[in-house]
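Structure record follows, encoded as structure tokens.
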DNA sequence: CATGAATGAGTATTCATTCAT
DNA sequence: CATGAATGAATACTCATTCAT
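Chains as they are written, first to last, in my numbering: chain A, 58 to 269; chain B, 58 to 269; chain C, 58 to 269; chain D, 58 to 269.
Shown next as structure tokens:
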């Protein structure tokens with residue numbers, strides 16, 4: 058489960074506010090970048106700034122919370138794919154298609170150098186990341202055993218491809234983007250097939266290469 | 058040639074400052090995002106803020122100038138690849154590898170929603186973009202005639218893949234990034250080969266799909 | 058009543074600050090012109106700049122508010138004169154002497170071309186102006202029925218004379234100005250008397266001539 | 058003659074530039090206030106800022122020069138009135154009507170507190186002012202001997218009335234202003250007539266009251 | 001607790017003045 | 001001398017954060 062709980066249980070309404078704020082922050086970060094005025098986020102949440110600050114001591118804390126929430130969501134979907142798809146290849150394909158869903162919420166959190174520094178070192182986030190990477194390695198290994206995925210790639214390679222796909226290509230329209238992304242995923246999947254065997258440079262990337 | 062000249066000839070020293078500023082802006086935008094204090098850019102350029110503002114009436118104008126300069130550079134390199142490589146495939150491969158060089162300078166200019174609005178509608182930039190897309194279509198068509206590239210892709214698909222690659226994946230180290238990008242490029246190229254023929258959804262993207 | 062209320066009720070302390078700011082702005086505009094640093098006004102009000110900007114989104118809004126407040130004050134005094142003086146002539150004379158009181162606060166708000174543009178089109182101000190001009194027409198008409206004021210003038214003429222008197226003649230000392238103004242008012246009043254009948258050029262100016 | 062010459066003779070072209078600048082400054086001060094960017098004035102003059110600064114060491118010097126030029130012009134016209142009109146009354150009436158001509162150029166120079174400080178103490182300006190006031194006293198005395206002007210006014214009173222008239226009443230249209238001013242002048246003249254004998258408060262103002 | 005007011009430091013931008021061409 | 005480029009101090013305005021209601 059991806060939702061992240063703070064140490065001490067919050068009162069019901071406080072928890073509700075917290076959720077409202079995170080959700081609003083995702084939206085607003087996505088449309089206006091990571092520097093939106095806090096007031097904007099508060100307004101979108103329907104609470105006052107004061108409340109926002111009571112829940113998150115400063116902007117950085119909020120960014121961390123949003124990032125953790127995002128990672129949690131991704132992890133949930135990755136696990137669902139692994140649990141529900143019949144083969145490793147199918148799971149992999151489904152995972153690579155997640156980008157469309159996730160783009161909006163994830164992109165901004167991870168985009169700027171600044172965001173990175175903020176996130177880095179956050180216990181919870183590090184843990185989520187580790188778990189996620191483990192899952193990817195697992196999927197790839199599985200599919201390789203099936204002989205559907207080429208041998209010379211690893212979960213890290215898939216992670217990098219996926220993170221590229223999270224990007225919003227801005228010279229495309231809303232629908233154009235969705236369409237183009239599907240095609241890119243298909244091209245990448247073709248490049249990942251066991252049959253596509255022009256050997257890759259170097260060695261497979263695994264979770265250990267993508268840790269930070 | 059990609060360098061963009063203003064309408065009226067600048068005095069030698071003024072031109073020199075203009076170049077210094079654009080170059081500094083690239084660096085600083087890349088490392089600190091599109092909201093860096095103008096003063097920072099001025100300092101990096103070695104000129105006073107006043108000079109910066111004399112040359113570029115506001116931040117937006119500077120961003121547009123940097124973007125145009127970037128596109129010019131890309132176009133130069135794409136043309137070089139087309140002129141110097143023996144086959145369409147080689148040209149394509151070289152182009153897709155440009156990302157490494159270009160990432161730093163390009164990324165930030167095109168990243169935020171805001172930047173897009175700023176850039177959109179700029180005559181010069183639109184023109185450069187159009188030219189660039191034309192070149193990509195040309196390369197792809199050529200390689201398709203050689204039977205090295207699959208028939209169901211177009212220059213637009215390549216453009217999208219390349220723009221994904223321009224992204225800086227921040228969970229990797231400097232060298233890790235370079236290495237991972239090479240692998241991604243290789244995977245994508247494998248996915249673009251004529252031999253990789255699991256059919257793609259929809260139809261090839263051409264320059265007309267990526268115009269804005 | 059001349060005081061102007063914003064649409065939604067302000068919290069008590071906010072309203073207090075608003076008043077402090079307007080009052081400070083009058084003083085400071087009067088002594089240093091309409092371009093005084095906003096910081097100056099804030100300091101004089103005893104609040105931070107931030108507060109000033111929260112209350113008035115920009116300098117123009119502040120200028121409009123001050124202008125409206127000034128007009129309201131004038132209107133109050135004109136009405137008091139009309140209500141309390143026994144004859145139209147006395148009311149007129151009292152009104153023309155208002156200049157002394159009002160000069161300080163009013164002068165700067167209406168002085169520059171720029172200020173005019175700012176003020177023009179403000180709903181509240183337009184309305185106040187209209188009401189004020191109506192009152193002047195009324196006083197003049199009354200006094201004409203009394204046969205104390207010449208028949209060939211109108212409220213508009215009085216308005217123009219008064220607005221001339223609002224000016225600070227700077228080649229006079231503080232007291233000199235007060236004294237000189239009294240004499241000018243007396244001369245003008247003599248010129249307005251029914252007995253001063255060298256016919257004026259054109260026709261009486263009424264409120265419709267001074268609307269803008 | 059009102060034109061003011063600097064101590065050392067200027068080369069012909071330098072003198073021409075000086076005149077261009079003063080003339081441009083009048084225009085621009087009138088339309089945009091005394092704080093117009095120096096660059097604006099330079100552009101209107103058709104010279105570079107550098108040249109402007111060579112001719113006038115700073116903004117204050119320019120303001121002083123413009124003020125002196127204005128006063129010189131007024132003086133010329135007052136003298137012409139005195140020389141050409143058959144009676145003192147006619148001269149006085151003509152003088153009071155000068156406002157229309159002069160308003161534009163004079164207004165801004167004398168308007169703000171700041172301008173006053175700049176001008177105050179300027180030798181040349183003081184002298185011009187003194188001369189001008191002497192002329193007004195003379196006209197009034199002459200008309201009083203003719204029994205056309207009331208005995209209880211002085212040149213100072215006229216000066217004050219005139220300076221009031223120099224003001225631009227901004228709630229009037231261009232033509233409306235001209236028309237209204239004529240009417241005000243007529244009313245004031247009626248108030249100045251020997252026949253308008255409701256006694257004025259205090260004593261006549263003379264040039265000594267308006268010196269600064 | 002929630003709210004939104006107050007604060008003031010941080011930045012963009014302008015413009016007087018100086019100085020190299 | 002004239003020009004217009006360069007400089008940086010001055011000022012408008014924004015927004016993170018704190019605190020009174």
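Each residue gets a CB set at the ideal place from its N, CA and C atoms; glycine is no exception.
With respect to residue 156 of chain B, residue 219 of chain B sits close: the two C-beta atoms are nearer than 8 Å.
Using a Cβ-Cβ cut-off of 9 Å, residue 202 of chain C is close to nothing in chain D; its nearest Cβ partner there is about 20 Å away.
Below the 8 Å Cβ cutoff, chain B contributes 217, 220 and 221 as neighbours of residue 226 of chain A, in chain order. Taking C-beta atoms as the reference points, residue 210 of chain D and residue 257 of chain D count as a pair closer than 8 Å.
For residue 113 of chain A, the nearest beta carbon of chain B is not closer than 8 Å to its own beta carbon. For the stretch 66-81 of chain D, the set of positions with a beta-carbon nearer than 9 Å to some beta-carbon of chain C is empty.
Counting along the chain, residue 138 of chain A sits inside the alpha helix (DSSP H) bounded by residues 116-141.
The C-beta of residue 259 of chain C has fewer than 16 other C-beta atoms within 10 Å across all chains shown, which makes the residue exposed. Distance from residue 120 of chain A to residue 80 of chain A at the Cβ level is roughly 14 Å; contact not present, criterion being Cβ atoms closer than 8 Å. Cβ proximity to chain C below 8 Å picks out nothing from the stretch 138-153 of chain D. Closest in alpha carbon position to residue 192 of chain A, among A:265, A:223, A:73 and A:78, is A:265. In the DSSP annotation of this structure, the continuous segment of the alpha helix (DSSP H) that includes residue 212 of chain A starts and ends at 212-222. Within the stretch 85-114 of chain D, the residues whose Cβ lies closer than 8 Å to any Cβ of chain C are, in chain order, 88, 89, 90 and 92. Sorting C:150, C:174 and C:177 by C-alpha distance to the C-alpha of residue 199 of chain C places C:150 at the top. In the assembly as shown, residue 105 of chain A is an exposed residue. Its beta-carbon has fewer than 16 other beta-carbons within 10 Å. Distances from the alpha-carbon of residue 174 of chain A to those of A:69, A:237, A:213 and A:116 put A:116 closest. Distance from the Cα of residue 241 of chain C is smallest, within the candidate group C:213, C:226 and C:255, for C:226. Approximately 7 Å separates the beta-carbon atoms of residue 97 of chain B and residue 89 of chain B; this is inside 8 Å, confirming the contact. Residue 244 of chain A has a beta carbon lying within less than 8 Å of a beta carbon in chain B. The Cβ-Cβ distance between residue 237 of chain A and residue 229 of chain A falls below 8 Å.
Remark: C-beta atoms of residue 196 of chain B and residue 129 of chain B do not approach each other more closely than 8 Å.
Under the criterion of beta carbons closer than 8 Å, residue 263 of chain B and residue 194 of chain B qualify as touching, at roughly 6 Å. Put simply, the CB of residue 123 of chain A is far from chain B, with every gap to its CB atoms at 8 Å or more. The residues 251, in chain order, have a CB closer than 8 Å to that of residue 204 of chain A in the same chain once the five nearest residues on each side in sequence are set aside.
The Cβ atoms of residue 99 of chain B and residue 182 of chain B do not sit closer than 8 Å to each other. With a threshold of 8 Å between beta carbons, residue 255 of chain B makes contact with chain A. In this chain, the alpha helix (DSSP H) harbouring residue 201 of chain A covers 180-202.
Close partners of residue 267 of chain C in chain D (Cβ separation under 7 Å): 228 and 229. Interface residue (Cβ-Cβ distance to chain B less than 8 Å): residue 248 of chain A is classified as such.
The C-alpha of residue 253 of chain D is placed about 7 Å away from the C-alpha of residue 207 of chain D. Here residue 140 of chain D is exposed. Its C-beta has fewer than 16 other C-beta atoms within 10 Å. Residue 77 of chain B: member of the alpha helix (DSSP H) spanning 69-89, first to last residue. Counting the other CB atoms within 10 Å of its CB gives residue 68 of chain C a total below 16, which places it among the exposed residues. The beta-carbon of residue 170 of chain C is placed less than 8 Å from the nearest beta-carbon of chain D. Interface criterion not met: the Cβ of residue 117 of chain C is under 8 Å from no Cβ in chain D.
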